[in-house]
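Numbering (my numbering), first residue to last: 1 to 247. Take a look at the structure set out below.
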Amino acid sequence: MLITDGNLLHEVTPLSKGYRTTLVYFLSDNFGLPREKSLYNDELLNFKHELLHQPLFFSKKKIPFTDSEWQVLRQLSNEVEYEEVTLSNTGDTHKTLVGRVAYDQFENYTPKIINHEIASEVFQILLSEKMRKFYRGIVGSDQWAIPRCQFTILKNGGFISEHLDTDTNPHYFASIVLHFSSEYSGGKYIYMNYLRNEEVELHTEENSMVIALSSRFPHYVQPVSSGERRALTCFLTFPYFHGFNES
Numbered sequence: 001m002l003i004t005d006g007n008l009l010h011e012v013t014p015l016s017k018g019y020r021t022t023l024v025y026f027l028s029d030n031f032g033l034p035r036e037k038s039l040y041n042d043e044l045l046n047f048k049h050e051l052l053h054q055p056l057f058f059s060k061k062k063i064p065f066t067d068s069e070w071q072v073l074r075q076l077s078n079e080v081e082y083e084e085v086t087l088s089n090t091g092d093t094h095k096t097l098v099g100r101v102a103y104d105q106f107e108n109y110t111p112k113i114i115n116h117e118i119a120s121e122v123f124q125i126l127l128s129e130k131m132r133k134f135y136r137g138i139v140g141s142d143q144w145a146i147p148r149c150q151f152t153i154l155k156n157g158g159f160i161s162e163h164l165d166t167d168t169n170p171h172y173f174a175s176i177v178l179h180f181s182s183e184y185s186g187g188k189y190i191y192m193n194y195l196r197n198e199e200v201e202l203h204t205e206e207n208s209m210v211i212a213l214s215s216r217f218p219h220y221v222q223p224v225s226s227g228e229r230r231a232l233t234c235f236l237t238f239p240y241f242h243g244f245n246e247s
């Protein structure tokens, strides 16, 4: 069976009729999909259904990065220029340091490379053929783009308040987060599982990856109480733009 949002198809495992109906109504209410088409179309969704209501966690051994690639990304997180963000462009309150690699908060969400040297090294690793194959096995397609990519650091007292990624850019459909540190307390990643109607805590660790395949789910990061939580976040979209803005 397949699920479609009009742009992307992904194979999913067979669903029971009751669960399928629940999922279809959820998609209709939260993604605007027509219930009539979804309920009676066997080629329904191209996301694996579990990805629609919970992020995926990948430990270091399950990610095809080499140790040297992890080291390069971690080093780049030290070289990028950071700014303190306490209020997002959508009005959310945060306390975080952000090092922008690519940014899309411009007219028509046309992205711009903020740091060409660092962006070149980051994307060389993130968008290598082996990584595209890895993403393709999860997302189900390689027809996507990364208009926004940024390093973040949460120090003592740092947090990210509850938000939806799509409030920043409605084109987002997924996010990829790489975690570089584990020597910190607090800073837990919490997301809302709609189908279970409860908040869920996702444990992360050093040299790990979290892929969230939907950008429409509320999530937040609790305050860090000690140490430093360091990560790299990339947002995926369907290719709605034609190249990066160079102006």
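For each residue, glycine too, the CB sits at the ideal point set by N, CA and C.
Counting the other Cβ atoms within 10 Å of the Cβ of arginine 100 gives 16 or more, which makes it buried. Glutamine 150 and leucine 73 have their C-alpha atoms some 12 Å from each other. Secondary structure within the region 86-157: the beta strand (DSSP E) runs of 3 or more consecutive residues, fully enclosed, are 93-103, 145-154 (chain order). When the beta-carbon positions are compared, isoleucine 153 and leucine 97 come within less than 9 Å of each other.
Straight-line spacing of the CA atoms in serine 225 and proline 147 works out to 32 Å. In this structure, the CA atom of valine 210 is about 17 Å from the CA atom of threonine 66. Boundaries of the alpha helix (DSSP H) harbouring asparagine 78: 67-79, taken from the DSSP string.
In the three-state DSSP reduction, threonine 204 falls in the coil class, being neither helix nor strand. Boundaries for isoleucine 63: no beta strand (DSSP E) harbours it, and the DSSP string shows neither H nor E there. Scanning its chain for C-beta atoms nearer than 8 Å, with the 5 sequence neighbours on each side dropped, one finds around glutamate 199 the residues Ile190, Tyr191, Met192, Asn193, in chain order. Boundaries of the beta strand (DSSP E) harbouring tyrosine 191: 189-193, taken from the DSSP string.
The Cβ-Cβ distance between isoleucine 176 and tyrosine 109 does not fall below 9 Å.
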